[in-house]
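Counting from 25, one number per residue, gives the positions in the sequence shown under our numbering.
Just so it is clear, CB atoms sit at the ideal spot from N, CA and C, and this is done for glycine as well.
Here the structure is a predicted model, which is why all the values come from computation and not from measurement.
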Amino acid sequence: MDIEDLIAGQDGVVSRAQALASGLTEDALTWLLRSGRWRRVHAGVYATFTGPLPFAAQVWAAILRAGRGAVASHRTAAYLDGLCDDPGPTVHVTAPAERHVRGKVDGVRVHYAHRLALTRHPAKTPPRTRVEDTVLDLVDTASHPREAEGWVTAACQRRATTPERLADALARRKKIRWRAMVEAMLTDVAEGAQSPLELRHLRRVERAHGLPTGCRQRRVAGRRVIWIDVDYEQYRVRVELDGRVGHTGEGRFRDHQRDNRATVDGHATLRYGHADVFTDPCGVAAEQARVLTARGWTGTPRSCRPGCPVDTRDHRRLLASEHQ
25 MDIEDLIAGQ DGVVSRAQAL ASGLTEDALT WLLRSGRWRR VHAGVYATFT
75 GPLPFAAQVW AAILRAGRGA VASHRTAAYL DGLCDDPGPT VHVTAPAERH
125 VRGKVDGVRV HYAHRLALTR HPAKTPPRTR VEDTVLDLVD TASHPREAEG
175 WVTAACQRRA TTPERLADAL ARRKKIRWRA MVEAMLTDVA EGAQSPLELR
225 HLRRVERAHG LPTGCRQRRV AGRRVIWIDV DYEQYRVRVE LDGRVGHTGE
275 GRFRDHQRDN RATVDGHATL RYGHADVFTD PCGVAAEQAR VLTARGWTGT
325 PRSCRPGCPV DTRDHRRLLA SEHQ
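The following block contains the structure:
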């Protein structure tokens, strides 16, 4: 390949081996470096321009330093594919497991994988892992289950992949951290839960306490389309789960408008945030059970553990008083 085309395709970065294979002589390469027209980024890897190194060029430099078959992976691949908005301070690349990159590479973390030929995306540049494998790599390295939840739900919420494709990729992996949780999550996400907060409500509030199953992410069309996080339509009860994104400033004003319209239409709206659902799911369940019962639910909630404030006896007394 012509060296100019090669450099253009690699965001202005080239390896020593590539330059020599393209016909550049040792003397010419030495002159380019000494004159400042090219500069060293890593051992045997050069930027062919001056000024700051754009992120894509940093990625190419890390891949070329890691050598044949290496690809961007983990958070770096996630950023390239729009799964997150911050690439972080380190460029992550994965190399085939049969090779080893010698020496420390500044600003780069090299991972190794036996299945890289299967997880590498066939066409994207810079080379990177497939979206589903990027998500699972990040799940596998997550230090906390909530972090793993965040990667799965972000990938689905940003429409970069689907629960079905993630489940297929997961089935092909023999070992992965948090497997049982992720398998359960993928079923939940397919049912409409789109954030760790919504997943927590589904599992620790609704299911754990035997509450009726709500309709998640329900689209309601009127003068303007609105989305309801959890809708118990039969009982005219709605639950809104407020994460930080989308519920500040203008988003918060829209939430108030939506709640007011719901009240006018005869719906009760319960609104909870992270502090409610993550730290007191039992208290949230007890409150929801009382509101649902007052609006016609005849089921019985259950305590999820000793000391759970969901008291079935109090619930039966409330139900009896409602029907007197």
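DSSP three-state assignment for L235, whether helix, strand or coil: L235 falls in the coil class under three-state DSSP.
Opening and closing residue of the beta strand (DSSP E) in which L265 lies: Residues 261-266.
Three-state secondary structure assigned by DSSP to H145: Secondary structure at H145: coil, using DSSP grouped into helix, strand and coil.
Beta-ladder partner(s) of M251, from DSSP: In the sequence under discussion, the amino acid at residue 251 is Trp, which differs from the Met named in the question. DSSP output for W251 lists R243 as bridge partner(s).
Beta carbon of D130 nearer than 7 Å to that of A80: No; because the gap between Cβ atoms is not below 7 Å, this pair is not in contact.
DSSP-derived helix/strand/coil call for P220: When DSSP states are grouped into helix, strand and coil, P220 belongs to the helix group.
Beta-carbon spacing of P305, V229 below 7 Å: Taking a C-beta distance under 7 Å as the contact criterion, P305 and V229 qualify as a contact pair.
Rounded C-alpha distance that separates L104 from A41: About 26 Å.
Nearest-angstrom Cα separation, counted from G60 out to A172: Rounded to the nearest angstrom, the two C-alpha atoms are 44 Å apart.
Bounding residues of the alpha helix (DSSP H) (the contiguous stretch that carries V134): No alpha helix (DSSP H) holds V134; the beta strand (DSSP E) holding it covers 132-137.
Spatially closest choice to L265 from Q258, Y259, D253, by CA coordinates: Looking at the Cα atoms, D253 is the closest of the given residues.
Residues near T143 in its chain [Cβ-Cβ closer than 7 Å; skip 5 each side]: Same-chain partners within the cutoff: A137, T153, R154, D157.
H116 vs T100 beta-carbon contact at 7 Å: The answer is yes: Cβ separation under 7 Å.
Inter-residue Cα distance where the pair is R64 and P220: Rounded to the nearest angstrom, the two C-alpha atoms are 43 Å apart.
Beta-bridge pairing of A116 - partner residues as DSSP gives them: Here residue 116 turns out to be His, not Ala, going by the sequence shown. H116 pairs with R133.
The stretch 186-193 in contact with the stretch 206-213 per 3-pair CB rule at 8 Å: Short answer: they touch.
Closest by C-alpha distance to Y70, when choosing among R183, G91, V38, R182: Here the closest residue by C-alpha is V38.
Cβ neighbour criterion (16 or more within 10 Å) applied to R167: Per the sequence shown, residue 167 should be read as Ser rather than Arg. S167 is exposed by the Cβ-count criterion.
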